[in-house]
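**Q** Quick note on numbering: the numbering used here labels position 29 of the sequence shown as 19, and the sequence is numbered without any gaps.
Ideal Cβ placement from N, Cα and C applies to all residues, glycine included.
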Amino acid sequence: MKIKVCGMREPENIQQVAALQPDYLGFIFFSGSRRYALPGIDASSLANLPAGVQRVGVFVNETTTVILDLARQYNLELVQLHGSETPAQCLELQQTGLKVIKVFSVGESFNFDVLAPFENTCDFFLFDTKGKEHGGNGFVFDWEQLNQYPSPKPYFLSGGLNLENISGIKSIRRKPFAIDVNSGFELQPGLKEVEKLKRLMEQVKS
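1) Tell me, which residues are paired with residue 91 by DSSP?
2) In whole angstroms, what separates the C-alpha of residue 29 from that of residue 50?
3) What separation, rounded to the nearest whole angstrom, lies between the Cα atoms of residue 154 and residue 140?
4) Residues in its own chain within less than 6 Å of residue -8 by CB, not counting five upstream and five downstream?
5) In the structure shown, what three-state DSSP assignment does residue 162 receive?
6) What residue ranges within the stretch 1 to 60 form continuous alpha helix (DSSP H) runs of no fewer than 4 residues, ordered along the chain?
7) Over what stretch of residues does the beta strand (DSSP E) that includes residue 176 continue unbroken?
8) Round the Cβ separation of residue 91 and residue 59 to the nearest angstrom and send it over; I've been treating them as touching at under 8 Å.
9) Count the other CB atoms within 10 Å of the CB of residue 17; is the residue buried (16 or more) or exposed (fewer)?
10) Name, in chain order, the residues that DSSP records as bridge partners for residue 171.
11) Just curious, the alpha helix (DSSP H) that residue 187 is in, first and last residue?
12) Determine the DSSP secondary structure at residue 151, reduced to helix, strand or coil.
13) Quick test of your reading: residue 19 and residue 48, contact by CB under 8 Å. State the CB separation rounded to the nearest angstrom.
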């Protein structure tokens, strides 16, 4: 199971976390987020990440032009779309060579039929807890719902993950391709607790 650490912002913290070799680092390019990456990061912050650590840009209802500009500027390999983006926009981004993660918010129930239009227009789905913010709400949803997951597409699991509840993923029959951690491993918004992440890496990779 792969690991994505999202909501990175501080240059020194980025290097510390990258040294742990997570599979993905996420940078939020949405000004409404408490973990907004700009102006904290610059291209040099991301230029020297270890091999194998992929850069993910997180966007909410952004135009394709802006997404592509930021993807070029920060050498992003994946884009994570957290709003009401259409299958057409996902495909447009995918055709540029970017990998696309389409996010769906899960509440007390979830209709998996909404995935169908995106089956051929993105590379991954991501399931996050429905909340006030676009990610980083700090709450889990009922993972039992994922036992109804109908798609062959690999998915990321997000929403309130921490060291105490991560072992519960074993109960999901169709395991996630990756977990996406954020607020459960922070000292404050945008600043990750390196020792906690080290323990997570040991726990997941063992």
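**A** Taking the structure as given:
1) Looking up residue 91 in the sequence shown gives position 101. Partner(s): 70, 114.
2) To locate residue 29, count along the sequence shown from 1; it is residue 39. To locate residue 50, count along the sequence shown from 1; it is residue 60. Each residue's Cα considered, the two are about 17 Å apart.
3) Counted from its first residue, the sequence shown places residue 154 at position 164. Counted from its first residue, the sequence shown places residue 140 at position 150. Their backbone Cα atoms lie some 28 Å apart in a straight line.
4) Working through the sequence shown from its first residue, we reach residue -8 at position 2. The answer, listed in chain order, is 13, 168.
5) Residue 162 sits at position 172 when you count from the first residue of the sequence shown. If DSSP states are grouped into helix, strand and coil, residue 162 belongs with coil.
6) 1 to 8, 33 to 37
7) As a working note, residue 176 is residue 186 in the sequence shown. Segment 176 to 178, the beta strand (DSSP E) holding residue 176.
8) As a first step, residue 91 must be located in the sequence shown, where it is residue number 101. As a first step, residue 59 must be located in the sequence shown, where it is residue number 69. With 8 Å as the limit, residue 91 and residue 59 do not qualify as a contact, their Cβ atoms being about 19 Å apart.
9) Looking up residue 17 in the sequence shown gives position 27. It counts as buried.
10) Numbered from its first residue, the sequence shown carries residue 171 at position 181. According to DSSP, residue 171 bridges with -5.
11) Translated into the one-based positions of the sequence shown, residue 187 becomes position 197. Unbroken alpha helix (DSSP H) run through residue 187: 184 to 195.
12) Residue 151 sits at position 161 when you count from the first residue of the sequence shown. If DSSP states are grouped into helix, strand and coil, residue 151 belongs with coil.
13) Indexing the sequence shown from 1 puts residue 19 at position 29. Indexing the sequence shown from 1 puts residue 48 at position 58. Right, their Cβ atoms sit about 6 Å apart.
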